[in-house]
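Note sheet for the following structure.
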Amino acid sequence: MYEKHRIGAEGEDVAMDYLREQGYTIVERNWRRGSHIEIDIVAERDDTLHFIEVKTRSSEGWQSPEEAITPQKVRALVRAVNNYITLNRVECEVTLNLIAVENNPDGSREIRFVPDIANLSW
Numbered sequence: 130m131y132e133k134h135r136i137g138a139e140g141e142d143v144a145m146d147y148l149r150e151q152g153y154t155i156v157e158r159n160w161r162r163g164s165h166i167e168i169d170i171v172a173e174r175d176d177t178l179h180f181i182e183v184k185t186r187s188s189e190g191w192q193s194p195e196e197a198i199t200p201q202k203v204r205a206l207v208r209a210v211n212n213y214i215t216l217n218r219v220e221c222e223v224t225l226n227l228i229a230v231e232n233n234p235d236g237s238r239e240i241r242f243v244p245d246i247a248n249l250s251w
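Heads up: the sequence shown at position 114 corresponds to 243 in the working numbering, and the numbers run straight through without jumps.
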């Protein structure tokens, strides 16, 4: 496994633990449709389906996890969410969120939950 993929998978593990601790139920992990549509985590809490993008970076890197969410990335995520909603006939409230994981040099991690990174009103 490439280093980048290993770090990303570890970040997703951290994000899943965080979500469970916050009372979320994990519905899906790494949901895919084709080769270009992916949702890192789908979780449920309080009758809302949460689509969650996980970005993991080193705290010493040139870009924070939040800065990795470009307009192009948001468009791709919204397209993925729309696919998921259509295929699964989702009828509840939905939200698109970010979990930012920063790995510090001392081995600790900082986790930030960023809600509503895109407007998903239909």
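Every residue gets a Cβ at the ideal spot worked out from N, C-alpha and C, and that includes glycine.
Extent of the continuous alpha helix (DSSP H) to which residue i belongs
i	result
R149	E132 to E150
Helix, strand or coil at residue i [DSSP, three-state]
i	result
I214	helix
E220	coil
A247	coil
E173	strand
E182	strand
Q192	coil
Other residues of its chain near residue i: CB distance less than 8 Å, five sequence neighbours each side excluded
i	result
Y153	A172, E173, R174 and H179
Cross-strand partners of residue i (DSSP beta bridge)
i	result
S187	N232
T154	E173
R238	N232
R162	I166
L225	F180
Beta-carbon gap between residue i and residue j smaller than 7 Å
i	j	result
I214	L227	no
I168	A229	no
R162	N212	yes
Min CB distance residue i to chain D below 7 Å
i	result
L227	Absence of chain D from the displayed structure is noted, only one protein chain being present.
6 Å CB neighbourhood of residue i in its chain, flanking five on each side removed
i	result
N266	Absent from the model: residue 266. The displayed extent of the chain is 130 to 251, so no value can be given.
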